[in-house]
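Numbering (UniProt numbering), first residue to last: 1 to 412.
Have a look at the structure below, then the notes.
Pasting the structure below:
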């Protein structure tokens with residue numbers, strides 16, 4: 001007998017399920033449940049309705065069934081905080097680890113709705129703490145991500161695996177490293193389990209990379225002190241030190257900007273043996289990046305730890321090129337005061353002037369270079385090389401020629 005949804009709902013209203021159960025008419029009961037459950041495209045769910053009525057006979061009869069969202073009675077009772085009903089269902093053998101259509105178990109739901117009493121009950125009944133949902137999340141992922149300290153502690157005490165990865169290949173340690181709470185990461189790191197601090201997520205980032213990008217100073221320190229590898233590279237060949245210096249992760253756009261977190265993180269990284277001269281896949285060293293975006297204070301930290309001032313990237317550019325390209329006259333001046341700069345040779349300085357004039361014209365940077373040349377080289381040699389630069393200018397560069405000659409008159 002095929003009934004339409006309308007007819008089934010009418011039958012459901014005329015003959016409440018409790019009546020059908022009492023009368024032992026199980027086949028009609030099953031027909032009504034299945035018809036409404038399978039065909040309804042609304043949020044209507046017999047299971048939700050019956051949990052609200054708290055009819056023990058119905059609850060027992062519906063035990064083991066799932067609605068169109070994959071929710072069992074146990075899921076729904078947990079979501080609604082009905083501890084008495086949960087106990088009844090468990091006593092009848094309800095699967096405490098049943099998953100809904102999202103792969104969430106009742107334990108997940110108790111964390112999601114922040115029901116501590118329900119959570120404790122499920123834990124005491126030996127709910128599996130390592131089940132993963134369709135996103136690969138465990139209950140520990142959920143608790144850590146929401147900074148729920150007591151839930152996370154209880155899960156860890158019950159053996160939650162801190163190295164399980166979700167669909168983005170993130171462990172609880174990845175999530176804890178960027179957590180808003182200062183207490184979550186120490187809790188996870190203090191677990192009796194051996195944490196894999198250098199697991200790579202879907203972007204090939206470790207927890208240290210993540211903490212560095214968000215300027216989580218204390219977490220960077222905790223991870224380093226716990227043995228995180230400071231020189232692991234992400235998918236772009238960037239180490240934590242590169243990331244600490246890159247503009248995408250700087251906070252300089254904020255009105256209350258302070259360079260202190262960056263300085264502390266950079267100092268932490270280099271003090272924990274960060275490879276100061278490692279290059280990314282474009283050949284940029286940390287000093288190349290710092291020359292573009294940071295002040296001489298940061299440059300000095302790197303140079304004090306033996307950063308190579310003469311390093312060149314994949315297209316042969318030095319740190320001076322980086323500073324000039326971004327108009328950082330402060331950094332150009334700082335580099336020119338370094339005694340190792342004199343070893344560059346005169347040819348490179350004229351290349352830098354030509355580079356600045358034809359690509360990234362910056363008057364102050366050019367003046368600094370010309371002043372440096374005048375102090376260290378013969379004036380006739382300087383003039384001869386400057387003429388070559390002028391002759392090599394293309395038509396589109398002539399807009400700069402007048403200003404360039406004006407600079408020459410004042411600088412030489």
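In this text, a Cβ means the ideal position worked out from N, Cα and C, and glycines have one as well.
For residue i, collect the residues of the same chain with a Cβ closer than 8 Å to its Cβ; drop the 5 residues on either side in sequence, then sort them by chain order.
i	result
residue 227	197
residue 338	303, 309
residue 382	370, 373, 374, 412
residue 353	366, 369, 370, 386, 389
residue 243	209, 212, 213, 234, 249
residue 414	The question about residue 414 has no answer here: the residues shown for the chain are numbered 1 through 412.
residue 232	198, 200, 206, 208, 209, 239, 240
Is residue i buried or exposed, if buried means 16 or more other CB atoms sit within 10 Å of its CB?
i	result
residue 246	buried
residue 134	exposed
residue 75	buried
residue 101	exposed
residue 331	buried
residue 218	exposed
residue 107	buried
residue 235	exposed
residue 29	Caution applies to residue 29, whose pLDDT of 46 falls short of 50 and renders its modelled position unreliable; the value that the coordinates give is listed next. Under this definition residue 29 is a buried residue.
residue 47	Residue confidence for residue 47 is low, a pLDDT of 48 falling below 50, so the modelled location carries little weight; the figure read from the coordinates is stated next. Classification of residue 47: buried, given that the 10 Å Cβ count is 16 or more.
residue 193	exposed
residue 201	buried
residue 420	Past the edges of the chain, shown from 1 to 412, lies residue 420, and the structure says nothing about it.
residue 315	exposed
residue 42	Note that residue 42 scores a pLDDT of 43, beneath 50, so its modelled location is shaky; the value from the coordinates is reported in the next line. Counting Cβ neighbours within 10 Å, residue 42 comes out exposed, since fewer than 16 surround it.
residue 8	For residue 8, the predicted model reports a pLDDT of 46, less than 50, meaning its position is unreliable; a value from the coordinates is still stated below. It counts as buried.
residue 216	buried
residue 289	buried
residue 151	buried
residue 276	buried
residue 380	exposed
To which residues of the same chain is residue i closer than 6 Å at the C-beta, ignoring the five residues directly before and after it?
i	result
residue 254	Interpretation of residue 254 is limited by its pLDDT of 43, a score under 50 that renders its predicted location unreliable; the figure taken from the coordinates is listed afterwards. Excluding sequence neighbours, residue 254 sits near nothing in its chain.
residue 292	322, 326
residue 328	none
residue 167	135, 136
residue 115	81
residue 165	171
residue 70	100, 101
residue 311	285
residue 346	377
Take residue i and list the residues in its own chain whose beta-carbon comes closer than 7 Å to its own, dropping the five residues that flank it on each side.
i	result
residue 121	83, 86
residue 113	79
residue 204	234, 235
residue 172	140, 141, 144, 162, 188
residue 376	342
residue 97	105, 127, 128, 131
residue 185	176, 177, 179, 219, 222
Reducing DSSP to helix, strand and coil, say where residue i ends up.
i	result
residue 72	strand
residue 77	helix
residue 283	coil
residue 153	helix
residue 164	coil
residue 179	coil
residue 380	helix
residue 99	coil
residue 195	coil
residue 130	coil
residue 288	helix
residue 267	helix
residue 110	helix
residue 310	coil
residue 315	coil
residue 235	coil
Between which two residues does the alpha helix (DSSP H) carrying residue i extend?
i	result
residue 367	363-376
residue 358	346-358
residue 142	139-145
residue 212	207-213
residue 333	329-336
residue 118	116-124
residue 220	217-225
residue 323	319-325
residue 241	240-245
residue 304	296-304
residue 87	83-91
residue 189	184-189
Can you tell me whether residue i sits near the ligand COA, meaning its C-beta is under 7 Å from at least one heavy atom of the ligand?
i	result
residue 247	Absence of the ligand COA from the depicted structure is noted, as is the absence of any ligand whatsoever, leaving it without description.
Answer yes or no: does any C-beta atom of chain B fall closer than 8 Å to that of residue i?
i	result
residue 385	Among the protein chains of the structure shown there is no chain B, as only one such chain exists.
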